[in-house]
Every structure is written in C-alpha cells, then in structure tokens.
Amino acid sequence: MNHSSSHIHNTSTQKQHKHTTKRLTEDQVRLLESNFDSSKKLEPERKQQLSHQLGIPPRQIVIWYQNKRARWKNQSLEHDYSRLQLQLEATLVETKRLQKEVEKLRTELNKVQAQQVQQARHHKYYNNNHRPPMDYSNFVCGEEVGSSSISLEDNVNNLYHYGDQVFEVEEMYAASCMMGYDLRLDGSERNSF
C-alpha cells in the first residue's frame, strides 16, 4: 500500500467510525440528563464511569455534554431575554404612568399658582379699593381744630396704607380749600372767606 492509498483507507475508517456512533436510548439520555443537572462540567473520571455504565465511547459522552451545554446556555439566554423583556415592558408602563402623574401634578401646580396670582391680585385690588375712610374730622382747611394726636408719621403711614385713594380724597380736600370751602365729615359746609 502506498501513501495515498493508506490515507484513503484512514479517511474511510474515520467515516465508518463516525457513522458507527450509536444513537442513545431513552434510558441513556435520562442518565446523562440527571448527571448534567448535577454538574454541567464533565470531569474525566465521571466521563470514564459513564462510558462503562452506558456502554458507549467516552468521546460520544463528551460530544453529548458539549451539545447539551450549548443548548442549556441558549435556553438560559432565551429565558434571561424573556425576563428582561418583561421587566422592560413593566418599566415602560411604570414610566408612562409616572409621566402622566408628573403631568397631572404640573397641571395642578399651575392651577394653584394661577389661583395664588389671582388671589394676590384680588387682595391687592381689595386692599386698594376697600380701605376704611381716613378720619379728617380734626382738620379744617389749613388749620387743626382742637388738639389732635395725629402726627406726621401717622399721616405718612396712612398714605402708605391707603394708597391712591388717599390722594383722591386729599386732592378733593385741597381743591375745596382753594375754593374757600371747608368740607366736614358731618356734611356741613363752612365758607372760610
């Protein structure tokens, strides 16, 4: 036999050996599965023990373990992917719920802020237009009648508290004084000329 014919003979022997691998029985598969469940890694001693116990070549056990480990990893990845997908969907639902809640709270906040602005405007308007009248009963055009305890500071404070309304009253009072009238709060008039 020459070199080329021995090579062909070795190749055909390898092909026959590959095809002589027996298909595993259900009992053999069950035993391999239980061993795989207890340990995913095949130790050399365990490989020899299973080979003798099952009556199959050690190489076939190694290949079965490799294939089983690959399938197991794929199943684990698929399981992890499914779990992560469910978590993602739950997170997206929760995110949408929180976004709606934030939007609702923003709307409520805007309403409250608008109400506060409106109340502040109303309060300012009310304070400017509904003040108690100033007491001018102690004053007659340009001169003080009787002894008054109203000081300059009190008048300044009254101007501060009464705002524009004070100027309107004082303008009317000044105009009446220029025309020679003394307007009293009791409704009587006195001509100062």
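Residue numbers (full-length UniProt numbering): 1 to 193.
Positions of the beta carbon are idealized from the N, C-alpha and C atoms, including for glycine.
Among the options, nearest to residue i - alpha-carbon criterion
i          : options           : result
residue 55 : 71, 31, 80 and 69 : 31
residue 60 : 93, 24 and 45     : 24
residue 33 : 72, 98 and 45     : 72
Beta-carbon spacing of residue i, residue j below 8 angstroms
i          : j           : result
residue 62 : residue 42  : yes
residue 48 : residue 58  : yes
residue 69 : residue 100 : no
residue 50 : residue 74  : no
Considering only residues of the region 23-63, which uninterrupted alpha helix (DSSP H) runs meet the minimum length of 4 residues and lie entirely inside it, listed in chain order?
26-38 and 44-54
Residue ranges of each alpha helix (DSSP H) run of no fewer than 4 residues wholly in the region 77-123, ordered along the chain?
none
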